[in-house]
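Enquirer:
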Amino acid sequence: MRPLRLAVMLEQALEVGGGFQQPLNDLLWLRDWAARSGNEIVVYSPYPKTLDILKEFAVTARLLKFGPLDHAFLFLKYCGPFDLVQIALKLKSPFERALIRDGIDVVHFTSTSKRHLLLYELPFIITIFDGCHRDAPEFPEVRTFGEFERREILFGLASTKAAVVIVNAPELIDDLSRRYAMEQERAVCIPFSPSTYVSQSTSDAADDEAVLSRYRLKPGYLFYPAQFWPHKNHMTLLAALASLRERGIIERLVLCGSDRGGRDKIDAAIRAYGLSDQISIIGFVESAELGALYRGAAALVMPSYFGPTNLPPLEAWAVGTPVIYPEAFKTQAGDAAILFDYDDPRSLADAIVSLRADGTRERLRAAGHLRLAQFAEETKAGHAQFARHLERLKHRLALTAR
Numbered sequence: 012m013r014p015l016r017l018a019v020m021l022e023q024a025l026e027v028g029g030g031f032q033q034p035l036n037d038l039l040w041l042r043d044w045a046a047r048s049g050n051e052i053v054v055y056s057p058y059p060k061t062l063d064i065l066k067e068f069a070v071t072a073r074l075l076k077f078g079p080l081d082h083a084f085l086f087l088k089y090c091g092p093f094d095l096v097q098i099a100l101k102l103k104s105p106f107e108r109a110l111i112r113d114g115i116d117v118v119h120f121t122s123t124s125k126r127h128l129l130l131y132e133l134p135f136i137i138t139i140f141d142g143c144h145r146d147a148p149e150f151p152e153v154r155t156f157g158e159f160e161r162r163e164i165l166f167g168l169a170s171t172k173a174a175v176v177i178v179n180a181p182e183l184i185d186d187l188s189r190r191y192a193m194e195q196e197r198a199v200c201i202p203f204s205p206s207t208y209v210s211q212s213t214s215d216a217a218d219d220e221a222v223l224s225r226y227r228l229k230p231g232y233l234f235y236p237a238q239f240w241p242h243k244n245h246m247t248l249l250a251a252l253a254s255l256r257e258r259g260i261i262e263r264l265v266l267c268g269s270d271r272g273g274r275d276k277i278d279a280a281i282r283a284y285g286l287s288d289q290i291s292i293i294g295f296v297e298s299a300e301l302g303a304l305y306r307g308a309a310a311l312v313m314p315s316y317f318g319p320t321n322l323p324p325l326e327a328w329a330v331g332t333p334v335i336y337p338e339a340f341k342t343q344a345g346d347a348a349i350l351f352d353y354d355d356p357r358s359l360a361d362a363i364v365s366l367r368a369d370g371t372r373e374r375l376r377a378a379g380h381l382r383l384a385q386f387a388e389e390t391k392a393g394h395a396q397f398a399r400h401l402e403r404l405k406h407r408l409a410l411t412a413r
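Heads up: take any position in the sequence shown, counting from 1, add 11, and you land on the working numbering.
(1) According to DSSP, is T61 helix, strand or coil?
(2) What alpha helix (DSSP H) runs, 4 residues minimum, are completely inside the stretch 218-289?
(3) Go ahead and pull the three-state DSSP assignment for R161.
(4) By DSSP, does F140 sit in helix, in strand, or in coil?
(5) Could you check the C-alpha separation between R306 and V117 for me, to the nearest Å?
(6) DSSP three-state label for S298, please.
(7) Taking 8 Å as the threshold (C-beta atoms), are A308 and L233 in contact?
(8) Pick from V27, Y336, E297: whose alpha carbon is nearest that of Y226?
(9) Answer with buried or exposed for M12, where buried requires no fewer than 16 other C-beta atoms within 10 angstroms of its C-beta.
(10) Which residues in the same chain as F351 place their Cβ atom closer than 6 Å to its Cβ, once the five residues preceding and following it in sequence are excluded?
(11) Taking the beta carbon of F86 as the centre, do at least 16 other beta carbons fall within 10 Å, making it buried, or is it exposed?
(12) For Q343, is the classification buried or exposed, using 16 other Cβ atoms within 10 angstroms of its Cβ as the cut-off for buried?
(13) Could you please give me the residues that DSSP links to V54 through a beta bridge?
(14) Just the C-alpha distance for L252 and E196, rounded to the nearest angstrom, thanks.
(15) Relative to the alpha-carbon of P134, which residue among E300, P319, L15 has its alpha-carbon at the smallest distance?
(16) If you run the structure through DSSP and keep just helix, strand and coil, what is A192?
(17) H119 lies in the beta strand (DSSP E); which residues open and close that run?
(18) Since I believe L228 is in contact with S291 (beta carbons under 8 Å), could you give me their beta-carbon distance rounded to a whole number of angstroms?
(19) Quick one: does R376 have its CB under 8 Å from some CB of chain C?
(20) Suppose the cutoff is 6 Å on Cβ atoms and the five residues either side in sequence are ignored; what does the same chain contact list for N36 look like?
(21) Going by alpha carbons, who is nearest to A339 out of Q23, C200, P314, Q33?
(22) Going by C-alpha distance, which of A299, R271, H245 is nearest I281?
(23) According to DSSP, simplified to helix, strand and coil, what is Y336?
(24) Does the distance from the C-beta atom of H394 to that of W40 stay below 8 Å?
(25) By the DSSP assignment, the beta strand (DSSP E) with A310 in it spans what residues?
(26) Would you be able to state if there are at least three C-beta pairs under 8 Å between the stretch 54-64 and the stretch 19-28?
(27) With a threshold of 8 Å on Cβ separation, who are the neighbours of P148 within its own chain once the five nearest residues in sequence on each side are excluded?
(28) Please determine, among G268, R256, L286, L311, the residue with the shortest C-alpha to C-alpha distance to G29.
(29) Can you tell me the Cα-Cα spacing of Q385 and Y191, whole angstroms?
(30) Is the stretch 362-382 touching the stretch 318-338, taking contact as three or more C-beta pairs under 8 Å?
(31) Kindly identify the DSSP beta-bridge partner or partners of V27.
(32) Which residues bound the alpha helix (DSSP H) around L180?
(33) Just list the residues that DSSP pairs I349 with in beta bridges.
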């Protein structure tokens, strides 16, 4: 039987943060799987910068941009009736034709890509990180101007048509089955893993100090790495710091991440609360600097509304940094975080105060390492299950070879 030829799509830009780092983790595992199993992967990305980054990991990737005709196919797909014409004429998008020319058997989307809608002949595997447009539709980034409806089309078709659905939490399997009638046996749970840049970074005092000096930082700050979206809930964190300041407690905060339209309101709130001397906004940072920034922090503070899992807690645990995290995501955190109500600034302020209690940081550090080890075992089991699915796909596709 000939090798399975699997296309691996990396469609998230580096600036997306965790949305780039987790697909990178997936790719590195798939590279090793292909080498062990005698199969082949072909990596694609629309970003030249991603191709350069992959060279650091000895991965050769191909540039595959999405042209006007691909976007026209997508637009017409959303319109609905075009499906009938496309099926009748057996029309393929330029995207799918390019993959077929490369001899691809299966397409693996490492994120919830809209481009699975461009596939009419090739089977695909999809990754679904969350269902937050259903969990919290009040946020404009998942609701307004057709965004909610677009996601419903994507999630509904992806979770039912995909040969395999990769998720990062068991509760997401339940959500997708309930909302979209996904067949549960097609789902594989592979928990998030810390970014390679963080988990493999070494604690070198001089190097860490150089990174902090570059941003004019002193160790002991609170750290929140997140893009500036409304759902990231920076405002509750600012209100908590203002509340602490009124109580005579001054905490420094470092924010990093790219602006997604919420930065102006955050800047205005910082001025209104009088927190300018406590907060450093350092923008988007290079992946190689994240380890030092986590190590320099007294704690990761993450008030995001979106879950059920997030990458930063895993990265903090990997370097021994305590975590302050919403109680809504206790399933991920276990006992390895100080929990708070993400709708209550005072609850967050109290969580920050409790961080400074004797023995708390040491307890959280130990619990974080244990929690990370538990996730590593679950990831190993998920990878084994995924490998079995891939072998079954290989066998079945050999029976229907083009």
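All residues carry an ideal CB built from backbone N, CA and C; glycine is no exception.
Expert: In brief:
(1) Here residue 61 is taken as the residue at index 50 of the sequence shown, counted from 1. Residue state, collapsed to three classes: helix.
(2) Runs found: 245-257, 274-284.
(3) Residue numbering aside, residue 161 sits at position 150 when the sequence shown is read from its first letter. Of the three classes helix, strand and coil, the one that applies to R161 here is helix, per DSSP.
(4) Here residue 140 refers to the residue found at position 129 of the sequence shown. In this structure, F140 counts as coil in the three-state DSSP scheme.
(5) For this step, residue 306 is matched to residue 295 along the sequence shown. For this step, residue 117 is matched to residue 106 along the sequence shown. Their Cα atoms are separated by approximately 40 Å.
(6) Along the sequence shown, read from residue 1 onward, the residue named residue 298 stands at position 287. Helix, per DSSP.
(7) What you label residue 233 is simply residue 222 of the sequence shown in a count that begins at 1. What you label residue 308 is simply residue 297 of the sequence shown in a count that begins at 1. Closer than 8 Å, so yes.
(8) Translated into positions along the sequence shown, residue 226 becomes position 215. Restricting attention to V27, Y336, E297, the CA atom closest to the CA of Y226 is found in E297.
(9) Locating residue 12 in the sequence shown gives position 1, where the first residue counts as 1. Exposed, because fewer than 16 other Cβ atoms sit within 10 Å of the Cβ of M12.
(10) Start at 1 with the first residue of the sequence shown, and residue 351 comes out as number 340. Cβ neighbours of F351 beyond the five flanking positions: S358, L359, A362.
(11) Numbered from its first residue, the sequence shown carries residue 86 at position 75. Result: exposed.
(12) For the purposes of this step, residue 343 is identified with residue 332 of the sequence shown, where counting begins at 1. Buried.
(13) Taking the first residue of the sequence shown as position 1, residue 54 is located at position 43. Answer by DSSP bridge pairing, in chain order: V19, A72.
(14) On the sequence shown, position 241 is the one that residue 252 refers to. On the sequence shown, position 185 is the one that residue 196 refers to. Each residue's CA atom was taken as its position, placing L252 and E196 some 46 Å apart.
(15) To locate residue 134, count along the sequence shown from 1; it is residue 123. Checking every option, the nearest Cα to that of P134 belongs to L15.
(16) In the sequence shown, counting from the first residue as 1, residue 192 sits at position 181. The answer is coil: DSSP assigns A192 none of H, G, I, E or B.
(17) In the sequence shown, the residue the question calls residue 119 occupies position 108. Under the DSSP assignment, H119 falls in the beta strand (DSSP E) whose first and last residues are 117-120.
(18) Indexing the sequence shown from 1 puts residue 291 at position 280. Indexing the sequence shown from 1 puts residue 228 at position 217. Correct: roughly 6 Å between the Cβ atoms.
(19) No chain C appears in this structure, which consists of one protein chain only.
(20) Counted from its first residue, the sequence shown places residue 36 at position 25. Excluding residues up to 5 positions away in sequence, S204 lie with their Cβ nearer than 6 Å to the Cβ of N36 in the same chain.
(21) One-based indexing of the sequence shown puts residue 339 at position 328. Checked all of Q23, C200, P314, Q33; the closest Cα to A339 is P314.
(22) The residue given as residue 281 occupies position 270 in the sequence shown. Comparing C-alpha distances from I281 to each of A299, R271, H245 shows the shortest one belongs to H245.
(23) Taking the first residue of the sequence shown as 1, we reach residue 336 at position 325. Here Y336 sits in strand by DSSP.
(24) Stepping through the sequence shown from its first residue, residue 394 is reached at position 383. Stepping through the sequence shown from its first residue, residue 40 is reached at position 29. Going by C-beta atoms, H394 is nearer than 8 Å to W40.
(25) Working through the sequence shown from its first residue, we reach residue 310 at position 299. For A310, the uninterrupted beta strand (DSSP E) segment begins and ends at 308-312.
(26) The answer is yes - the stretch 54-64 touches the stretch 19-28, with three or more Cβ pairs under 8 Å.
(27) In the sequence shown, counting from the first residue as 1, residue 148 sits at position 137. Residues of the same chain with a CB within less than 8 Å of the CB of P148, apart from the 5 flanking positions on each side, are R154, F159 in chain order.
(28) Here the question's residue 29 lines up with position 18 in the sequence shown. Ranking the options by Cα distance to G29, first place goes to G268.
(29) One-based indexing of the sequence shown puts residue 385 at position 374. One-based indexing of the sequence shown puts residue 191 at position 180. Approximately 30 Å between the Cα atoms of the pair.
(30) Yes: at least three Cβ pairs fall under 8 Å.
(31) Looking up residue 27 in the sequence shown gives position 16. V27 pairs with nothing; no bridge assigned.
(32) As a position in the sequence shown, residue 180 is number 169, starting the count at 1. Per the sequence presented here, residue 180 reads as Ala, with Leu not at that position. Counting along the chain, A180 falls outside any alpha helix (DSSP H), and DSSP gives it neither H nor E.
(33) The residue given as residue 349 occupies position 338 in the sequence shown. In DSSP, I349 forms a bridge with I335.
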